[in-house]
Amino acid sequence: MGHHEDRLEIAESFGATEIISARGEQAITEARDQTYGGADHVLECVGTESSMETAAAVARPGGSVGYVGVPMGVKDTEFLRTMFSKNISLAGGIAPARSYIDDLMNDILQGTLDPSPVFTKTVELDDIPEGYRAMDERNAVKVMVKVDRSG
1 MGHHEDRLEI
11 AESFGATEII
21 SARGEQAITE
31 ARDQTYGGAD
41 HVLECVGTES
51 SMETAAAVAR
61 PGGSVGYVGV
71 PMGVKDTEFL
81 RTMFSKNISL
91 AGGIAPARSY
101 IDDLMNDILQ
111 GTLDPSPVFT
121 KTVELDDIPE
131 GYRAMDERNA
141 VKVMVKVDRS
151 G
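The sequence shown runs contiguously to residue 151 in full-length UniProt numbering.
Given below as structure tokens:
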């Protein structure tokens, strides 16, 4: 689910079978329709107030919502009332990349995982601020930093 077409295309390339390119009530309706009334488990990875509300609305009664990272700009907690009334479990925390990076690197080096679809821009080491700016402005999904080892 999302509204950034480039990210949805990447999701499809990694095997996503159902894509919802909508927001708000339309997204909630489509997700409920596709999951026959609500998803057993919802993963919320954006961290905004509206995305937390959407996650709560999409989860079926008795389901669960997991979130990663720190919610940003969440002022209203209406989604918690929705979760309470639907008996939805909520779990969250940081995404501990360090705990799985070794396995991911092995998969990449062995050729069983191709991460290239997520890298939509490459920058030199000195241009890292440009890479962050591109991601912030949604001109890049993820940025690869090219390190020149010749010098």
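We treat Cβ as the ideally placed atom computed from N, Cα and C, and that holds for glycine.
Just so we're clear, the structure is a prediction, and the values are computed from it rather than from any experiment.
Cβ-based neighbour list, residue i, same chain, cut-off 7 angstroms, excluding 5 preceding and 5 following
i, result
"Ala95", "Val68 and Gly69"
"Ala134", "Lys121, Ala140 and Val143"
"Arg32", "Gly38 and Val58"
"Thr54", "Ala27 and Ile28"
"Thr82", "Ala56 and Ala57"
"Glu78", "Glu53"
"Asn87", "Pro61 and Gly62"
"Glu130", "Val123"
For residue i, three-class secondary structure by DSSP
i, result
"Gly63", "strand"
"Val143", "strand"
"Met1", "coil"
"Asp107", "helix"
Same chain, Cβ closer than 8 angstroms to residue i, neighbours up to 5 away in sequence not counted
i, result
"Thr48", "Pro71, Met72, Gly73 and Val74"
"Thr35", "Val58 and Arg60"
"Glu18", "Gln34"
"Asp107", "Leu113"
"Glu5", "Ser21"
"Tyr132", "Val143"
"Arg7", "Val141"
Contacting residues, own chain, Cβ-Cβ under 6 angstroms from residue i (five flanking each side not counted)
i, result
"Lys142", "Val118 and Phe119"
"Ser13", "Pro117"
"Glu124", "Lys146"
Stretch pair the segment 60-79 + the segment 35-43: three plus CB contacts closer than 8 angstroms: Segment contact: the segment 60-79 against the segment 35-43, three or more CB-CB distances shorter than 8 angstroms; contact assigned.
When the Cβ atoms of the segment 83-95 are set against those of the segment 109-117, are three or more pairs found closer than 8 angstroms? Taking a cut-off of 8 angstroms for Cβ pairs, the segment 83-95 and the segment 109-117 do not touch, as fewer than three such pairs fall below it.
Ignoring anything shorter than 4 residues or poking outside the UniProt domain "Alcohol dehydrogenase-like C-terminal" (3-103), list the alpha helix (DSSP H) runs there in chain order. Runs of the alpha helix (DSSP H) inside the UniProt domain "Alcohol dehydrogenase-like C-terminal" (3-103): 5-13, 24-34, 49-58 and 78-85.
My parser needs the alpha helix (DSSP H) runs of 4 or more residues fully inside the segment 109-140; what are they? Taking only runs of at least 4 residues, the alpha helix (DSSP H) segments lying wholly in the segment 109-140 are 128-136.
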